[in-house]
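For any residue, its number in our numbering is found by taking its place in the sequence shown, counting from 1, and adding 19. From the three backbone atoms N, C-alpha and C, an ideal C-beta is built for every residue, glycine too. First comes the structure, then the notes that go with it.
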Amino acid sequence: MADQFDSALDLLRRLNPAHTSKNLSAICSLIPAEEENLLASVDQPLSVRRCKKSGRDYLLCDYNRDGDSYRSPWSNEFDPPVEDAELSSERVRKMEVRANEAFDVYRELYYEGGTSSVYFWDLDDGFAGVVLLKKNSSSTAARGTSGAWDSIHVLEVVEGGRTSKYKLTSTVILNLGSSGEALGQLDLSGNMTRQVEQDLPVDGDEGHVVNVGKMVEDMELKMRNLLQEVYFGKAKDVVGDLRSIPALSESNRDKATHREMINSMSGMKV
Numbered sequence: 020m021a022d023q024f025d026s027a028l029d030l031l032r033r034l035n036p037a038h039t040s041k042n043l044s045a046i047c048s049l050i051p052a053e054e055e056n057l058l059a060s061v062d063q064p065l066s067v068r069r070c071k072k073s074g075r076d077y078l079l080c081d082y083n084r085d086g087d088s089y090r091s092p093w094s095n096e097f098d099p100p101v102e103d104a105e106l107s108s109e110r111v112r113k114m115e116v117r118a119n120e121a122f123d124v125y126r127e128l129y130y131e132g133g134t135s136s137v138y139f140w141d142l143d144d145g146f147a148g149v150v151l152l153k154k155n156s157s158s159t160a161a162r163g164t165s166g167a168w169d170s171i172h173v174l175e176v177v178e179g180g181r182t183s184k185y186k187l188t189s190t191v192i193l194n195l196g197s198s199g200e201a202l203g204q205l206d207l208s209g210n211m212t213r214q215v216e217q218d219l220p221v222d223g224d225e226g227h228v229v230n231v232g233k234m235v236e237d238m239e240l241k242m243r244n245l246l247q248e249v250y251f252g253k254a255k256d257v258v259g260d261l262r263s264i265p266a267l268s269e270s271n272r273d274k275a276t277h278r279e280m281i282n283s284m285s286g287m288k289v
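The structure is reproduced here in structure tokens:
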């Protein structure tokens with residue numbers, strides 16, 4: 020079974036990341052015994068569901084799932100309902116509510132739309148959680164371009180008096196597509212994961228929400244800059260070397276002018 024699990028992960032790494040959800044579903048149907056392990060190990064684009072009680076959208080992931088049901092962070096209820104569902108303690112639930120309020124503001128300020136969800140649960144020596152953010156660029160679909168950003172921030176907090184140890188593992192899934200007569204079909208998809216650990220002072224439960232918010236904000240800023248400067252910059256250089264937007268005749272005319280200028284300069288006497 021371990022060989023099947025490792026082979027499935029290896030196969031998913033080699034397939035088009037834009038189709039991760041479809042490929043993962045197909046692999047799970049082939050090896051149903053490893054479905055739970057695969058769903059817990061593979062990051063895939065987040066899905067959105069409407070909370071029936073509050074009327075607000077929330078994001079689905081493996082951390083708010085119980086079988087085929089998902090818990091809404093707004094109502095704290097599973098859909099479909101689950102008997103004897105395991106819920107977080109009252110203290111952790113209060114922090115979860117406050118964190119959802121805070122990241123809802125963060126989402127509006129940084130993403131100007133999209134959907135956010137935060138889920139917390141208890142640990143023996145603290146608590147853990149996940150911060151989810153999703154934004155689809157559907158307004159440009161009519162012009163032949165599309166884009167989707169999914170960020171998944173998994174955190175673990177070990178409480179120790181005045182200071183607590185925070186471990187944050189962040190994954191960004193980015194899908195960009197473009198089609199047109201000038202460029203043809205362009206698909207840029209992938210994911211990136213980074214991890215950080217910090218010991219931070221804590222002033223009550225509100226301090227945990229503040230610390231988590233700062234860490235997620237800093238991590239997203241670093242990952243956005245890295246994507247823009249390294250990955251997008253490199254992709255732009257590669258595409259620029261491989262493909263030319265101007266017509267071939269125009270490029271040839273520029274090259275001929277350049278050669279003529281070089282030849283005339285080489286014939287000049289100093």
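By the neighbour-count criterion, in which a residue is buried when 16 or more other Cβ atoms sit within 10 angstroms of its Cβ, Leu57 is buried. Taking all protein chains shown into account, Val124 has fewer than 16 neighbouring C-beta atoms within 10 Å of its C-beta and is therefore exposed.
As the crow flies, the alpha-carbon of Arg243 is around 32 angstroms from that of Cys47. Apart from sequence neighbours up to five positions away, the residues of its chain that approach Gln63 with a beta-carbon distance below 7 angstroms are Thr39, Ser40 and Leu43, ordered along the chain. The Cβ atoms of Glu248 and Tyr129 do not sit closer than 9 angstroms to each other. A Cβ-Cβ separation of about 4 angstroms places Ser208 in contact with Ala37 under the 8 angstroms criterion. Of the residues Arg69, Val228 and Leu205, the one whose Cα lies closest to the Cα of Gly196 is Leu205.
The DSSP-derived three-state label of Asp81 is helix. In its chain, beyond the 5 residues on either side, Val149 and Thr188 have a beta carbon closer than 6 angstroms to the beta carbon of Val173.
Remark: C-beta atoms of Leu142 and Asp169 do not approach each other more closely than 9 angstroms. Take the alpha-carbon of Ser26 and the one of Arg33: they are about 11 angstroms apart. Membership of Val235 in the alpha helix (DSSP H) is indicated by the continuous run Gly223 to Leu245. Cβ neighbours of Met114 within its own chain (closer than 7 angstroms, five residues either side excluded): Phe139, Asp224, His227 and Val228. Excluding five sequence positions before and after Arg69, the CB atoms of its chain that fall closer than 6 angstroms to its own CB belong to Asp76, given in chain order. For Asp103 and Phe97, the gap between their C-alpha atoms comes out near 11 angstroms.
Separation of Val221 and Ala147 (C-alpha to C-alpha, rounded to the nearest whole angstrom) is 16 angstroms. Comparing C-alpha distances from Ser198 to each of Val111, Gly163 and Val116 shows the shortest one belongs to Gly163. Residue burial annotation: Gly133 is buried, with at least 16 other C-beta atoms found within 10 angstroms of its C-beta.
Your pair Gly232 and Ala121 checks out as a contact, with CB atoms roughly 6 angstroms apart and the cut at 8 angstroms. Secondary structure at Glu175: strand, using DSSP grouped into helix, strand and coil. Arg110 sits exposed, since fewer than 16 C-beta atoms from the chains shown fall within 10 Å of its C-beta. Inclusion of Ser136 and Pro92 in the CB contact set at 9 angstroms is warranted, their separation being smaller than that value. Under DSSP, the beta-bridge partners assigned to Asp218 are Lys184.
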